[in-house]
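In what follows, a single structure is set out as structure tokens and then discussed.
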Amino acid sequence: MLIFPAIDLYDKKAVRLFKGDYNQMTVYSENPLEVAKGFKKAGAEYIHMVDLEGAKDGTTPNFDIVAAVAKESGLKVEIGGGIRSEETVKKYIDAGVMRVILGTAALNDRQFLESVCKKYGDKIAVGADLKDGQVAVKGWLETSDVSGMDFLSEMESLGVKTVICTDISRDGAMRGTNRELYRELSEKFSMDIVASGGVSTLDDIKALRKMNLYGAIVGKAIYTGDIDLSEAIEVAK
């Protein structure tokens with residue numbers, strides 16, 4: 070299983086939200102590139118980045134930071150947040166990003182999703198952000214009436230290779246990850262599934278690894294020191 074240390078971007082800073090609430094934001098660093106280089110030093114190969122401002126309004130205000138991390142950190146970057154046009158997909162891939170994550174656009178614009186999946190293949194991932202079992206969109210500010218399981222079944226039938234599934238109620242809350250959810254997903258789907266939200270101990274990582282998941286995203290627990298990134302990477306192997 071791969072470990073994806075996470076940087077959430079807001080106003081060009083590395084931040085974390087509590088349960089997706091923009092009013093409960095902690096700034097961890099004014100220099101995200103340095104944070105990324107620290108991840109690399111700890112043995113990371115990958116990084117998960119989210120443009121929180123972009124997620125709300127479909128823009129790319131933190132593009133330069135993402136491009137700098139892709140170019141200078143030595144990490145393979147996946148980026149989500151506000152990617153709702155092919156122009157934006159291309160812009161990130163041209164900047165050296167390994168994979169872009171579609172959230173709101175994957176739910177609301179199937180034609181766009183199918184078209185970029187055909188064109189860019191496994192450089193496209195889908196983010197399924199779940200709130201009480203339903204898919205949330207627009208930076209988690211709105212909940213749709215689509216169930217997570219139905220959405221994921223549809224993504225698999227469209228040929229999506231990688232899905233990042235977040236349990237919003239656990240995100241940034243340091244309450245442990247939703248093991249039942251990921252067990253169910255790993256049994257039900259053959260896509261590469263990345264667990265996200267609430268991964269706060271090495272035990273969480275061990276439990277997820279046993280489910281044969283593709284990856285796990287670790288955010289807040291690295292910043293608070295509850296998880297040592299080097300250890301997490303070893304345990305995940």
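Using my numbering, the first residue of the sequence shown is number 70, and each one after it goes up by one. C-beta: ideal position from N, C-alpha, C; glycine also. All values derive from a computational prediction rather than experimental measurement.
Indicate the three-state DSSP secondary structure (helix, strand or coil) for residue i in the structure shown.
i	result
I193	strand
V268	coil
D126	helix
E114	coil
G149	strand
L86	strand
D295	coil
G284	strand
D120	strand
V138	helix
A276	helix
A164	coil
D133	helix
L171	strand
Near residue i, what residues of its chain come up, given a Cβ to Cβ distance below 6 Å and the 5 sequence neighbours on each side ignored?
i	result
G112	S299, I302
M94	V84, L86
R179	none
K82	V96, E99
I193	V185, C186
A75	H117, I286, G288
Over what stretch of residues does the alpha helix (DSSP H) that includes residue i continue unbroken?
i	result
A301	298 to 305
Y251	248 to 257
D308	Not covered by the structure: residue 308. The range shown for the chain is 70 to 306.
D219	217 to 226
How many Å lie between residue i and residue j at the Cα?
i	j	result
C186	V96	34 Å
Y292	A285	16 Å
K118	D77	According to the sequence provided, residue 118 is Met. The question's Lys does not apply to it. Taking the straight line joining both Cα atoms gives about 6 Å.
E253	M218	10 Å
K188	A136	21 Å
A290	I72	13 Å
Y283	M70	5 Å
K145	S216	31 Å
Starting from residue i, follow the beta strand (DSSP E) in both directions and report where the run begins and ends.
i	result
M94	90 to 98
Go through its chain and collect everything with a Cβ distance to residue i's Cβ below 8 Å, but skip five positions before and after it.
i	result
A275	First, the amino acid is wrong: residue 275 is Lys here, not Ala. Once the five neighbours on either side are set aside, the close Cβ partners of K275 are V304.
M224	A175, V195, A197, V232, M260
N177	V206
I162	V169, Y189, K192
Can you give me the Cβ contacts of residue i inside the same chain, cut-off strictly under 7 Å, excluding the 5 residues immediately before and after it?
i	result
K257	none
V227	This sequence places Leu at residue 227; Val is not what is there. Closer than 7 Å at the Cβ level, and outside the excluded window around L227, lie L182, E183, C186.
L271	I296, E300, A301, V304
R153	G127, T173, A174
At the 8 Å Cβ level, is residue i part of the contact set with chain B, yes or no?
i	result
L182	In the structure shown, chain B does not exist; there is a single protein chain.
_Contact between the segment 154 to 169 and the segment 197 to 217 (3+ Cβ pairs under 8 Å)_ = no
*Meets three-Cβ-pair contact criterion under 8 Å: the segment 130 to 146 and the segment 84 to 94*: no
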